[in-house]
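Here's the structure, in structure tokens; my notes come after.
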Amino acid sequence: MVMRKIRAMFRGTGFWNYVLDTSLFVNPDARKYFGQTVDDAVANFLAAAAKMKNVRFYMPPSVKKELRYFAQKELPNFRRTILVKSPPMHEMKVPATIMWKLLDEIRARVNAGLRVSEKFVKDEKMPIDEKLHRLRIQYKEALREGVLDSEEDFEVLMLAKDLKAAIVSLDQGLIRAAEEMGIRCMDIDAFCSHVNEE
């Protein structure tokens with residue numbers, strides 16, 4: 000059933016370059032398309048993608064390494080289907096406005112993280128274990144949710160820029176950064192709809 004859905008997604012596509020993010024395989028929202036486990040998602044995607052014509056899938060080495068961390072099994076035939084390529088980081092430039100926005104975002108998020116911490120420090124009624132658990136969750140949301148926050152995400156962004164490719168991701172921070180840089184970015188639903196239309 001899953002394989003039929005994937006083949007249908009990839010039927011009749013034109014020539015496209017896509018850079019893949021880990022979230023395509025590990026995010027629960029992608030499970031309806033590729034499989035209930037990371038291993039199933041990777042295996043089903045590779046099997047369907049190998050049959051496609053005129054479509055290239057890329058992934059930076061750091062993202063492949065991250066994906067291997069989540070997968071329980073080896074990734075057979077991975078390099079035959081997905082081209083593992085590093086972006087030319089020393090040759091690429093990022094617009095100053097992007098860096099300006101990033102610094103502004105970091106400052107705002109650090110302040111939000113401080114406010115979250117202060118709230119939990121002041122709460123003397125909550126048991127310490129529960130307080131730490133809730134603090135970790137809310138602190139992570141305040142600092143990381145919806146922002147480009149990892150080397151892997153940045154490499155996906157730069158590789159897509161270099162290749163003039165579309166990014167396929169469910170990571171909201173990566174999608175937002177791609178939009179700001181004028182890089183085409185697709186979430187899983189848009190990606191599946193797009194390849195169905197081709």
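The numbering of the sequence shown is numbering that gives the first Met the number 0, which starts it at 0 and goes up by one.
Just so you know, even glycine gets a beta-carbon here, dropped at the ideal spot from N, CA and C.
Note that this is a predicted model, so its numbers are computed, not measured.
For residue i, write down the residues that DSSP places opposite it in a beta bridge.
i, result
"residue 55", "16"
"residue 81", "56"
"residue 165", "17"
"residue 185", "167"
Check the C-beta distance from residue i over to residue j and give it rounded, since I have them as a contact under 8 Å.
i, j, result
"residue 152", "residue 173", "5 Å"
"residue 56", "residue 81", "5 Å"
"residue 154", "residue 22", "Residue 154 to residue 22, Cβ: 14 Å. No contact."
Short check: CB of residue i to CB of residue j, under 8 Å?
i, j, result
"residue 147", "residue 176", "yes"
"residue 20", "residue 187", "no"
"residue 97", "residue 178", "no"
"residue 51", "residue 83", "no"
"residue 159", "residue 182", "yes"
"residue 138", "residue 109", "no"
Out of the options, which has the shortest C-alpha to C-alpha gap to residue i?
i, options, result
"residue 65", "41, 48 and 51", "41"
"residue 156", "46, 87, 49 and 79", "87"
"residue 105", "92, 74 and 144", "144"
"residue 78", "71, 96 and 44", "44"
"residue 67", "122, 109, 33 and 24", "24"
"residue 150", "69, 72, 30 and 85", "85"
"residue 47", "102, 95, 76 and 185", "76"
"residue 107", "184, 95, 140 and 53", "140"
"residue 70", "130, 123, 124 and 26", "26"
Is residue i near the ligand SAH, in the sense that its beta carbon is under 7 Å from a heavy atom of that ligand?
i, result
"residue 88", "No copy of the ligand SAH occurs in the structure displayed, which carries no ligand at all."
*Segment contact flag, the segment 124-137 with the segment 36-47, C-beta cutoff 8 Å, min 3 pairs*: Under the Cβ criterion (8 Å, minimum of three pairs), the segment 124-137 does not count as touching the segment 36-47.
*Touch test, the segment 12-27 against the segment 158-174, Cβ-Cβ under 8 Å, three pairs minimum*: Note that the segment 12-27 touches the segment 158-174; at least 3 beta-carbon pairs, one per stretch, sit closer than 8 Å.
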